[in-house]
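Peer 1: Going line by line, the protein sequences match chains H and C. Counting from 1, position 93 in the first sequence corresponds to residue 93 in our numbering; the numbering is continuous, with no gaps. If you want our numbering, it's the position in the second sequence, counting the first as 1, plus 112. Below is one structure. I have some questions about it.
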Amino acid sequence: MIAYILCFILFLVGLYGVITRRNLVKIAVSLSIMEISTFLFFALLGYIDGGVAPIVDPADPAKVYVDPLPQALVLTAIVIGLATTAMLMAVIIRLYRKYGTFDIREIKNLRG
Amino acid sequence: MNPLIPLFVVTPLAGAFLIMIIGRYFEEFNKYFTSVLMLFLACISFYFLFLTGDRIFVYKVGGWEPVNRIPIGIYMVMDGFTAIVVCIINLIGFLSAFYSISYIKRYTAGNYFYALFCIMIGGMNGVVLSGDLFNIFVFLEISVISSYALVAFGVESNELEASFKYQILGGLASFLILFGIGFIYWKTKTLNIADIKVAFSRGHDKALYLFIQILLLSGFGLKAAIMPFHAWLPDAHSSAPSPISAMLSGIFIKAVGIYVIIRLFFNMFSVSEQIAFLITTLGTLSMVAGVFLAIGQWDIKRLLAYHSISQMGYVVMSVGIGMILISKSIKPEIASLAIAGGLFHLVNHAAFKGLLFLNAGAIEYTLGTRDLKEMGGLSKFMPVTSATSFIASMSISGIPPFNGFFSKLIIIIASVMAGYYLLAVLAVIVSVITLASFLKFQRYAFFNKSHDNNNKNVREVPFPMLFSMIVLSIICVLLSLLVIPGIREAILTPAIHVLTDPVKYSTSILAQ
Chain H
1 MIAYILCFIL FLVGLYGVIT RRNLVKIAVS LSIMEISTFL FFALLGYIDG GVAPIVDPAD
61 PAKVYVDPLP QALVLTAIVI GLATTAMLMA VIIRLYRKYG TFDIREIKNL RG
Chain C
113 MNPLIPLFVV TPLAGAFLIM IIGRYFEEFN KYFTSVLMLF LACISFYFLF LTGDRIFVYK
173 VGGWEPVNRI PIGIYMVMDG FTAIVVCIIN LIGFLSAFYS ISYIKRYTAG NYFYALFCIM
233 IGGMNGVVLS GDLFNIFVFL EISVISSYAL VAFGVESNEL EASFKYQILG GLASFLILFG
293 IGFIYWKTKT LNIADIKVAF SRGHDKALYL FIQILLLSGF GLKAAIMPFH AWLPDAHSSA
353 PSPISAMLSG IFIKAVGIYV IIRLFFNMFS VSEQIAFLIT TLGTLSMVAG VFLAIGQWDI
413 KRLLAYHSIS QMGYVVMSVG IGMILISKSI KPEIASLAIA GGLFHLVNHA AFKGLLFLNA
473 GAIEYTLGTR DLKEMGGLSK FMPVTSATSF IASMSISGIP PFNGFFSKLI IIIASVMAGY
533 YLLAVLAVIV SVITLASFLK FQRYAFFNKS HDNNNKNVRE VPFPMLFSMI VLSIICVLLS
593 LLVIPGIREA ILTPAIHVLT DPVKYSTSIL AQ
């Protein structure tokens, strides 16, 4: 249970970063922290105490396996997370070229 | 197993790759290929609209049959509600693609534009067709990432800023959704929507059930820009190229936001009164606040984007009233009427908001500005744009005989019959303010005296843009036919049956 709570705290750390940081790159990093905490949560869901890697062994039917499905899900989610982060970084670099700063307080054309 | 169902996802994704490869050698390939592809998809989506009726088609990807009646494969589901949404996605998608043939001359890198366009269509079709919660997430991310890129397509400072905001809030929404899916998998050990419904009905922890519902509601609410989560929408929708704005406002927020909320809360969770009440409140809030934010805008695309929030509020409010009545299990026929009003308004909004954004794009194409104060007297120079935008404005404000009038009428009648008089009054007031706002748009853009001497050079836009606008305005008028009983029963009623019947969706999918 303690692992789940730590995982949720990591999510909140990321959320705190997204809300309070002023630097575009730090916001992106905070978003990645949130992402990682979600992946950890999925990895924990599949974990079964004393389980081994899910390769079925016909000789030993009593063996306990970990749940492979969340692992497959988390792999997919990592790929998606990579695409999101790359896209975000590309936009941040473009913003830096336009404004010459990473400070979010300087970037406020769109209002109202 | 209907083999045509996966085409909705496969063709656009394959098309995107073909455009990137072949488009490198043939310059004009991307434009015409995308239009032909979208026309093909629109045709088969119409075929499904008339074929589906009350039946539910399931396509099991890879042919994985259920084991002991437990679904193990990935399911794609086509039912009455899906058929309607797929139809508007591909129809508006086709018209936007055709419109872009001329419009895209403003930008370089046409190949990237059309490839991203196709990926976005494929993702949206996937979200709508998927019968599996995790695949909804995957397709949602596919379409959302390409929409991030398309919002930033102009790579000027405004576009980049809008895309950054959109990405941060969109990323937040994705993690909330992923957390919700994780909790659901933890409790039910399945990801199939029909199976989750069965697993939850065997008994569940009340507090955790509510927590999952709130997580998913806030995640998809962020994607749908319901009121407290709306901050990104006006920036993102006004900064994108106009055909993409028409796609984003017309269908994107419906397909990845409203559609999924309706699908999950009717067919996966059992409707509870407190959540239904929450959804109705959020809908009313965005309906009222959206229109007040819109009325002070002078940038046409921002004005239209705020109206999207307001009009989506109508849909959410109306569906929420239906949910409240279902959860109390009283007056089932009025619940059906409220949901019918909501779905009808959803379809109508796709038509008229798509058209309005295309009009805004036409004005921007000729004048090069989006500021209402710098326009005026355009009705003389651009008669077709003026006429079509007049039809769309009257539709969105709810003036008979256009489609918006009938859907708003159904919503108001349903809320009066359900006993929510305050909501009915608010709906009428918001409609009047919408009318005022669009009269301002009409007056300043088309009928005011022109104060710009350059207006002598202003000409009507080229044929592809005119064609899309004219077709959409005809659709705006024709959609009012959906109130006629025979046509309504063929198209809207199957969708309502799927949503209002608590077990039909899950039992008929698990039986196949």
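In this text, a Cβ means the ideal position worked out from N, Cα and C, and glycines have one as well. This structure is a prediction, so every number in the text was calculated from the model and none was measured.
How would you list, in chain order, the residues of chain H whose beta-carbon sits under 7 Å from the beta-carbon of ASP613(C)?
Peer 2: Residues of chain H passing the Cβ test: none, with the nearest at roughly 30 Å.
Peer 1: Enumerate in chain order the residues of its own chain whose CB-to-CB distance from LEU397(C) is below 6 Å, with the five nearest sequence positions on each side excluded.
Peer 2: MET339
Peer 1: Check the C-beta distance from PHE206(C) over to LEU151(C) and give it rounded, since I have them as a contact under 8 Å.
Peer 2: 5 Å
Peer 1: Taking 8 Å as the threshold (beta carbon to beta carbon), is THR101(H) in contact with chain C?
Peer 2: THR101(H) has a beta carbon lying at 8 Å or more from every beta carbon in chain C.
Peer 1: Using 8 Å as the threshold, is the C-beta distance between ILE280(C) and SER430(C) below it?
Peer 2: Cβ distance not < 8 Å, so ILE280(C) and SER430(C) don't count as in contact.
Peer 1: Which residue comes first and which comes last in the beta strand (DSSP E) that contains PHE169(C)?
Peer 2: 169-173
Peer 1: Since LEU290(C) meets chain H, which of its residues come closer than 7 Å, beta carbon to beta carbon?
Peer 2: Per Cβ cutoff of 7 Å: THR38, ALA77.
Peer 1: Could you check which residue in LEU262(C), ALA557(C), MET380(C) has the C-alpha nearest to that of ILE324(C)?
Peer 2: The option with the nearest alpha carbon to ILE324(C) is MET380(C).
Peer 1: Compute the distance between the beta-carbons of GLU271(C) and SER351(C), then report whether it is under 8 Å.
Peer 2: yes
Peer 1: When the Cα of PHE246(C) is compared with those of GLY425(C), LEU322(C), ILE305(C), ALA499(C), which residue comes out closest?
Peer 2: Closest in C-alpha terms to PHE246(C), from the list GLY425(C), LEU322(C), ILE305(C), ALA499(C), comes ILE305(C).
Peer 1: What residue from ILE216(C), TRP298(C), PHE341(C), SER498(C) has the CA that sits closest to LEU320(C)'s CA?
Peer 2: TRP298(C)
Peer 1: In this structure, does DSSP put ASP317(C) in helix, strand or coil?
Peer 2: coil
Peer 1: Any idea if MET89(H) is buried or exposed, counting beta-carbon neighbours within 10 angstroms, 16 or more meaning buried?
Peer 2: exposed
Peer 1: Please list, in chain order, all residues of the same chain as LEU328(C) whose beta carbon is under 7 Å from its beta carbon, the five residues on each side excluded.
Peer 2: Only ILE289, GLY292, LEU376 meet the Cβ criterion.
Peer 1: Report the residue from GLN71(H), ALA43(H), VAL18(H) whose alpha carbon sits nearest the alpha carbon of TYR4(H).
Peer 2: ALA43(H)
Peer 1: Would ASN109(H) pass as an interface residue toward chain C - the criterion being a Cβ-Cβ separation below 8 Å?
Peer 2: yes
Peer 1: Secondary structure at ASP244(C), three-state DSSP: helix, strand or coil?
Peer 2: strand
Peer 1: Could you name the residues of the same chain whose beta carbon sits closer than 7 Å to that of TYR65(H), not counting the 5 residues immediately before and after it, in chain order?
Peer 2: GLY51, VAL52, PRO54
Peer 1: Quick check on this structure: which residue in TYR278(C), LEU593(C), ASP317(C) has the alpha carbon closest to the alpha carbon of LEU360(C)?
Peer 2: TYR278(C)
Peer 1: Might you give, ordered along the chain, the residues of its own chain that have their beta carbon closer than 8 Å to the beta carbon of PHE364(C), omitting 5 neighbours on each side?
Peer 2: MET232, MET236, SER255, SER259
Peer 1: Thinking just about the alpha-carbon of each residue, which of CYS199(C), ILE438(C), SER448(C) is nearest to the one in LEU241(C)?
Peer 2: CYS199(C)
Peer 1: For chain C, check one thing: does any of its Cβ atoms lie closer than 8 Å to the Cβ of VAL64(H)?
Peer 2: no
Peer 1: Is VAL64(H) helix, strand or coil by DSSP?
Peer 2: coil
Peer 1: Can you look up ASN23(H) in the DSSP assignment and give me helix, strand or coil?
Peer 2: strand
Peer 1: For the beta strand (DSSP E) that contains MET424(C), what are its first and last residues?
Peer 2: For MET424(C), there is no enclosing beta strand (DSSP E); the residue is part of the alpha helix (DSSP H) that begins and ends at 412-440.
Peer 1: Within the same chain, show all residues whose beta-carbon is closer than 8 Å to that of ARG600(C), passing over the 5 residues directly before and after it, in chain order.
Peer 2: ALA452, LEU594
Peer 1: Measuring CA to CA, which of LEU468(C), GLY425(C), LYS492(C), PHE332(C) is closest to GLY454(C)?
Peer 2: GLY425(C)
Peer 1: By the DSSP assignment, the alpha helix (DSSP H) with VAL496(C) in it spans what residues?
Peer 2: 495-509
Peer 1: Tell me, to the nearest whole angstrom, how far the beta carbon of VAL170(C) is from that of GLN624(C); I am working on the premise that it is less than 8 Å.
Peer 2: Confirmed, about 5 Å.
Peer 1: Quick check on the burial criterion: 16 or more other C-beta atoms within 10 angstroms. Buried or exposed for ASN142(C)?
Peer 2: buried
Peer 1: Using the C-alpha atoms, what's the distance from ILE596(C) back to PRO574(C)?
Peer 2: 36 Å
Peer 1: What residue range does the alpha helix (DSSP H) around TYR215(C) cover?
Peer 2: 192-215
Peer 1: Which residues mark the beginning and the end of the alpha helix (DSSP H) in which ALA221(C) is found?
Peer 2: ALA221(C) -> no alpha helix (DSSP H), and no H or E assigned at all.
Peer 1: Any Cβ of chain H within less than 8 Å of the Cβ of GLY243(C)?
Peer 2: no
Peer 1: What would DSSP say about VAL52(H), mapped onto helix, strand or coil?
Peer 2: Note: VAL52(H) maps to strand in three-state DSSP.
Peer 1: Express the C-alpha separation of SER30(H) and LYS485(C) in angstroms, rounding to a whole number.
Peer 2: Across the structure, LYS485(C) and SER30(H) are spaced so that their CA atoms are roughly 41 Å apart.
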